[in-house]
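Below is one structure, written out as structure tokens, with a few remarks after it.
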Amino acid sequence: MSIKRMTRRELLKYGTLAGGALLLPLGFDRIGYAEESGLTVRPFTQQFRKPPVLSPVRSDATTDYYQININKASGQVIPGKTTQFYSYVAPGLQPSIVGPTIRQRLGRQSVVRFINNSLGAPTSVHLHGMASLPQYDGYAEDLTPPGYYKDYIYPNNRAATLWYHDHAIHHTAENVYRGLAGLYIVQDDLELNLPLPKGEYDVPILIQDKQFSANGALIFDDEGEDSQFGDIITVNGVAWPVMQVEKRKYRFRILNGSISRSYRLSLSNGAPFVMIGTDAGLKTSPTPVNNFRIGMAERYECVIDFSEFPVGTQIILQNLSNKNNEDYANTNKVMRFDVVAAKGVDNSSIPATLRTVTPIPASQAVRTREFRYERSNGLWVINGKTWDSNRIDANPQYGDVEIWRLYNNSGGWFHPIHVHLIDAQLLDRNGSAPFVYERGWKDVFYVGENESLRIIGKFGPNTGLYMSHCHNTVHEDHDMMNQFQVGQGTAENNPLSVPAKKLPAPTL
Ligand SMILES: [Cu+2]
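Under numbering that gives the first Met the number 0, the first residue of the sequence shown is numbered 0, with each subsequent residue one higher.
Here it is in structure tokens:
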């Protein structure tokens, strides 16, 4: 821990003990790393950008083949500074702290070759939200060392906003933080035939908080395996960008790709978000809200209608913050929308019915399991246990519907819990109905302070071993992760059955 860091930690402690920010400089709740190191980063000075869409290397009747190199690289994340980061990058693309977006159609297969070229550390790639076979799910111990590659096969069996990110055992947080994350969007005919905003008006927003030293170096500091909070908010790899939006409707796919920070998003002019989707795709019907909470790895989709605002209006996407996040001077801001004239007529609309999400009644469950997420003796544990790849913590049979009760008895932390493989639904939180925007298919559930959630899901469509963990990836790494096995474990569904291969790779 650096002396600077200690200074900051002492300030945090002092601020808490003294009852708040009054002792700190005006307008500063806490001293962020940038301010402490003398780095000035002003919000809303950089242009918004979308990550580039990755083209396949080749395609055949059923499958699109992609190739992504995992490298160390550098580029501009904050104005005027060069930052070293990790990068998912492909030939012809500029290396970025956010990977390229893969866009796919339901039913087509993807083969994505991830090549660990020069990272200097082993990797594993998880496509979050995809029902991949265990050997392609990014199992934490299915590592690709430097000088190796692995071809991941994805069935594209759900139309949703997914993301691919590193999942290497004990190093997920740092690898994701340094840049190993990208969006993966699957669309089906049903969705494409809806009159929702499309094409350039369908925009991904990947939010991550980071911290930098004065020379622009990325600082990873998990505060003693607790959490990694940054004082600088990036969107698609750019600090506090400004996006020119036409006077019309936009669809946004919002992903919280942060390590430990959750957000409560709102618009500075009070305009609503019309919520249309959850982690695993469209909801049954749109619901307007003035703000919503998004935990790490959660995805929410919404439509914002800018047609009601005059050209020149500036609207800040704000973060109202949630409990147990470290707030700094500008972590209450995410990005800004500047309204410009529409280029044409907006023919898009938000239909009253998006798709059918049939609720699973609790009565369908064949059993209930309980998982307690706790801090114990300096470790993050589930039911008192840390990760052990030799232990199976639950063994639902193929097709079983189960209720999982997720407990967080602490007031000091929140835990967004991710269950691999399945999509599930939130039945209730502390006995109350879920928030309207959570009502749909999800794979991450925000287990807040002193909360008990009941989620319900059907185990399939694959058998084998899968992980479940807190998506505060610092917690996950140390070691709030366990695993379940659907049905029988076989040689075929073993997550270690298709190991990475040594380079050079044959032509894809
Ligand atoms: Cu956690």
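Cβ coordinates follow ideal geometry from the N, Cα and C atoms, glycine included. These numbers were taken from a predicted model, which means no experiment stands behind them.
Taking the Cα of Asn-408 as reference, the smallest distance to any Cα among Gln-93, Val-435, Val-380 and Asp-387 is reached at Val-380.
Judged by beta-carbon spacing, Ala-279 lies within the 7 angstroms limit of Asp-422, meaning their Cβ atoms are closer than that value. Spanning the alpha carbons of Phe-305 and Ala-238 requires a straight line of approximately 23 angstroms. DSSP places Phe-305 in the helix class (H, G or I) of the three-state scheme.
Annotated as distal: Tyr-176 and Leu-502, with beta-carbon spacing of 7 angstroms or more. If you look at Asp-188, you'll find it in the alpha helix (DSSP H) that goes 188-191. Bounds of the beta strand (DSSP E) holding Asp-150 are 147-153. Secondary structure at Glu-224: coil, using DSSP grouped into helix, strand and coil. For Val-273, the three-state secondary structure derived from DSSP is strand. With respect to the 7 angstroms criterion, Thr-171 and Lys-209 are not classified as neighbours on the basis of their beta carbons. Ligand 1 has no heavy atom closer than 6 angstroms to the beta-carbon of Cys-301. Put simply, the residues with a CB less than 5 angstroms from any heavy atom of ligand 1 are His-414, Cys-469, Asn-471 and His-474, in chain order. In this structure, Lys-248 and Val-310 do not form a Cβ contact; the two beta carbons are roughly 16 angstroms apart against a cut-off of 8 angstroms. By the neighbour-count criterion, in which 16 or more other beta carbons inside 10 Å mark a residue as buried, Asn-318 falls on the buried side. Of the candidates Ala-89, Gly-106 and Val-485, Ala-89 places its Cα closest to the Cα of Asn-116. DSSP, read as helix, strand or coil, puts Asp-476 in helix. Here the region 380-396 makes contact with the region 479-486; the two share three or more CB pairs at distances below 8 angstroms.
Leaving aside the five residues that flank Asp-150 on each side, the residues in its chain whose CB is nearer than 6 angstroms to its CB run, in chain order, Val-110 and Arg-112. Looking at Ala-296, Glu-199 and Ile-206, the one whose alpha-carbon comes closest to that of Arg-250 is Glu-199. For the options Pro-285, Arg-298 and Gln-243, the alpha carbon positioned closest to that of Tyr-262 is the one of Arg-298. Runs of the beta strand (DSSP E) lying entirely within the region 396-434, each at least 3 residues long, are 400-407, 414-418 and 423-428 in chain order.
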